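**Student:**
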Amino acid sequence: MRVALALSRRPGVPRWRRLLVLAVVPAVVLVTAGLLAWIRFDGGGQPYRRGPVTVFTGGTGGIYYRYGTALSASINGSLPGVRATTMVTGAAVDNLRRVVADPNTFGFSTMDAATAAVRGQDPFASALPVRAVARIYDEYIHLVVPRDSPVRTLADLRGRRVSTGARDSGTELVATRLLAVDPAIDAKDVTQVNLGVDQSAKALADGTIDAFFWQGGLPTVTVADLARRFPVRFVQLDGLVDALNEVPKWGAEYRRGVIPDGAYAGVGATPTVAMADLLVTSADTDPGLVRQVTRVLFNARETIARVVPVAYALDPRSAVATGPVPLHDGAAKYYRAAKV
Numbered sequence: 021m022r023v024a025l026a027l028s029r030r031p032g033v034p035r036w037r038r039l040l041v042l043a044v045v046p047a048v049v050l051v052t053a054g055l056l057a058w059i060r061f062d063g064g065g066q067p068y069r070r071g072p073v074t075v076f077t078g079g080t081g082g083i084y085y086r087y088g089t090a091l092s093a094s095i096n097g098s099l100p101g102v103r104a105t106t107m108v109t110g111a112a113v114d115n116l117r118r119v120v121a122d123p124n125t126f127g128f129s130t131m132d133a134a135t136a137a138v139r140g141q142d143p144f145a146s147a148l149p150v151r152a153v154a155r156i157y158d159e160y161i162h163l164v165v166p167r168d169s170p171v172r173t174l175a176d177l178r179g180r181r182v183s184t185g186a187r188d189s190g191t192e193l194v195a196t197r198l199l200a201v202d203p204a205i206d207a208k209d210v211t212q213v214n215l216g217v218d219q220s221a222k223a224l225a226d227g228t229i230d231a232f233f234w235q236g237g238l239p240t241v242t243v244a245d246l247a248r249r250f251p252v253r254f255v256q257l258d259g260l261v262d263a264l265n266e267v268p269k270w271g272a273e274y275r276r277g278v279i280p281d282g283a284y285a286g287v288g289a290t291p292t293v294a295m296a297d298l299l300v301t302s303a304d305t306d307p308g309l310v311r312q313v314t315r316v317l318f319n320a321r322e323t324i325a326r327v328v329p330v331a332y333a334l335d336p337r338s339a340v341a342t343g344p345v346p347l348h349d350g351a352a353k354y355y356r357a358a359k360v
């Protein structure tokens, strides 16, 4: 503005030019300020979108919520102009729908649910433009019963009341698939109720359900709290991995895993079904923002792991192994710069 005033007062400068300078320079200043209010730059000159960012999680008793809360805090401490908050949701399936409906947001999802989303398979009516930011850790299927329960196999759930997870959760998706592929049981023979992990744990202890499915990292706080005050056991499920992977439209996203002895008080090692977990976003999310959030995810790994130990599993070499779910361009740029 000082330059503009000096030029406008210079002798010999036509009046129309003086007025033009006084009109244009402030406009340029305002436009520039507006652009700077929208972007910041990382060390490599990468612009990113400022403003509110939501991280979609799951129920408060699961790892998604704790991971998302820690990640949001790290984003707020690392990206000037970005205000990250978490939102409690139904978890994986719900999160996939939410990130697509509201770009420039992030969410957690299991690999099987994200694969179904990009392929437009049940429970999704059509393909969704979901993109992966990183493969972050592995999840394990818990089928939790009282320790003295007669339930030893999936087929033993016949005639019983069972929580298959919160509606639109990854737990509900995999529980439904397990009941569909086991020839020894018909899903119609099970009374299914939709409860999140907090409600499921309470209902099992109260005796209002006979078992509950839960899909999560190790250990899940709510399940650990339940095991300390109420004797539980996990039902072995690893024998159904091949049947799950033989359904072509689902892809081979499942593998055998073991919930180790000591992960939960009084519960021995239990072979089960495992799968990868992803941090996801929309294909329409600003690439600069995704690149910066990916950077924060790795730079804050130690800090996040103090709250969520599974964060120690984050590794740039495995983070890019997102299966059928494409990496977002912004995340891919981060990995290329990191020479992964």
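What the sequence shown shows, in our numbering, is residues 21 to 360, in sequence order. Quick reminder that beta carbons are idealized off the backbone N, C-alpha and C, glycines included. This one's a predicted model, so the numbers in the text were calculated from it and none came from an experiment.
#1: So, does the CB of residue 261 fall closer than 7 Å to a CB anywhere in chain D?
#2: Our contact map puts residue 218 next to residue 79 with C-beta atoms below 8 Å; I'd like the distance itself, whole angstroms only.
#3: So who's on the other strand from residue 446, going by DSSP bridges?
#4: Look up residue 86 in the DSSP assignment and say whether it is helix, strand or coil.
#5: Would you mind giving the Cβ-Cβ distance between residue 233 and residue 191, rounded to the nearest angstrom? I have them listed as a contact below 8 Å.
#6: Taking the CB atoms as reference points, tell me whether residue 81 and residue 242 lie closer together than 7 Å.
#7: Output needed for residue 180: all residues of its chain with C-beta closer than 6 Å, excluding positions within five of it in sequence on either side, in chain order.
#8: Do residue 83 and residue 4 have their beta-carbon atoms positioned less than 7 Å apart in this structure?
#9: Between the segment 145-162 and the segment 343-357, do three or more beta carbon pairs fall short of 8 Å?
#10: Jot down the residue ranges of each uninterrupted beta strand (DSSP E) in the segment 160-201, minimum 3 residues, whole runs only, in chain order.
#11: Specify whether the segment 123-138 and the segment 267-280 touch according to this definition: at least 3 beta carbon pairs, one from each stretch, less than 8 Å apart.
#12: Below 7 Å CB to CB, which residues in the same chain sit around residue 176 once its five sequence neighbours on both sides are set aside?
#13: Ignore the nearest five residues each way along the sequence and tell me which others in residue 195's own chain have a CB closer than 7 Å to its CB.
#14: Should residue 311 go down as buried or exposed, given a rule of 16 or more other Cβ atoms within 10 Å for buried?
#15: Less than 6 Å between the CB of residue 191 and some heavy atom of the ligand MN, yes or no?
#16: For residue 343, which of helix, strand or coil comes out of DSSP?
#17: Identify the continuous alpha helix (DSSP H) that holds residue 307 and give its terminal residues.
#18: Assign residue 160 to one of two classes, buried (16 or more other C-beta atoms within 10 Å of its C-beta) or exposed (fewer than that).
#19: Measuring straight from C-alpha to C-alpha, what distance separates residue 212 and residue 304?
#20: Rounded to whole angstroms, what's the CA-CA distance from residue 250 to residue 341? Just pull it up for me.
#21: CB-CB under 6 Å to residue 297, same chain, minus the five flanking residues each way: which ones, in chain order?
#22: Would you mind working out which of 72, 99, 259 sits nearest residue 123, comparing C-alpha positions?
#23: Look up residue 129 in the DSSP assignment and give the residues it is bridged to.
#24: For residue 99, tell me which candidate among 319, 329, 277, 337 has the shortest Cα-Cα distance.
**Tutor:** Taking the definition as stated:
#1: In summary, chain D is missing from the structure at hand, where a single protein chain is found.
#2: 6 Å
#3: It is not possible to answer for residue 446, since the shown part of the chain is limited to 21 through 360.
#4: helix
#5: 5 Å
#6: yes
#7: 230
#8: Past the edges of the chain, shown from 21 to 360, lies residue 4, and the structure says nothing about it.
#9: yes
#10: 181-183
#11: yes
#12: 170
#13: 184, 185, 233
#14: buried
#15: Although the ligand MN was asked about, the structure shown includes no ligands whatsoever.
#16: coil
#17: 307-319
#18: buried
#19: 37 Å
#20: 38 Å
#21: 130, 156, 157, 159
#22: 72
#23: 298
#24: 319
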